[in-house]
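Peer 1: The sequence shown maps to residues 354 to 425 in this note's numbering. Backbone N, C-alpha and C define an ideal beta-carbon position, used for all residues, glycine too.
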Amino acid sequence: MPIFLPLKEMTLREKLAVMESLWEDLSRSPETIESPTWHKDILDERGQRIAEGKARFVDWETAKTDIRNKLS
Numbered sequence: 354m355p356i357f358l359p360l361k362e363m364t365l366r367e368k369l370a371v372m373e374s375l376w377e378d379l380s381r382s383p384e385t386i387e388s389p390t391w392h393k394d395i396l397d398e399r400g401q402r403i404a405e406g407k408a409r410f411v412d413w414e415t416a417k418t419d420i421r422n423k424l425s
């Protein structure tokens, strides 16, 4: 069923409200959403690095700063 939203006419606030509604609905039954294989592979790889003591962790504020620096 195609759904058409007047995206070009919607404000940012309205678009975010729609996204929030969709997310709320989807999160009511997370078991119905299948995670892609590539995501499991990445999580397994990260788990292995943690188990081997090779993982590096930083606090959230540092991580946000690093991400912002990479994007600018």
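Using a Cβ-Cβ cutoff of less than 8 angstroms, which residues in the same chain neighbour ARG399 once the five nearest sequence positions on both sides are dropped?
Peer 2: Within the sequence shown, the letter at position 46 stands for residue 399. Closer than 8 angstroms at the Cβ level, and outside the excluded window around ARG399, lie ALA408.
Peer 1: Do LYS368 and LEU360 come within 9 angstroms of each other at the CB atom, strictly closer than that value?
Peer 2: Translated into the one-based positions of the sequence shown, residue 360 becomes position 7. Translated into the one-based positions of the sequence shown, residue 368 becomes position 15. The answer is yes: Cβ separation under 9 angstroms.
Peer 1: For MET354, does the three-state DSSP call read helix, strand or coil?
Peer 2: Numbered from 1 along the sequence shown, position 1 holds the residue referred to as residue 354. DSSP places MET354 in coil when its eight states are reduced to three.
Peer 1: Mind listing, in chain order, the continuous alpha helix (DSSP H) runs of no fewer than 4 residues lying wholly within the stretch 363–393?
Peer 2: Qualifying alpha helix (DSSP H) stretches, in chain order: 365–379.
Peer 1: Quick one: give me the first and last residue of the alpha helix (DSSP H) that LYS407 is part of.
Peer 2: Translated into positions along the sequence shown, residue 407 becomes position 54. Looking at the DSSP string, LYS407 is not in any alpha helix (DSSP H), and its letter there is neither H nor E.
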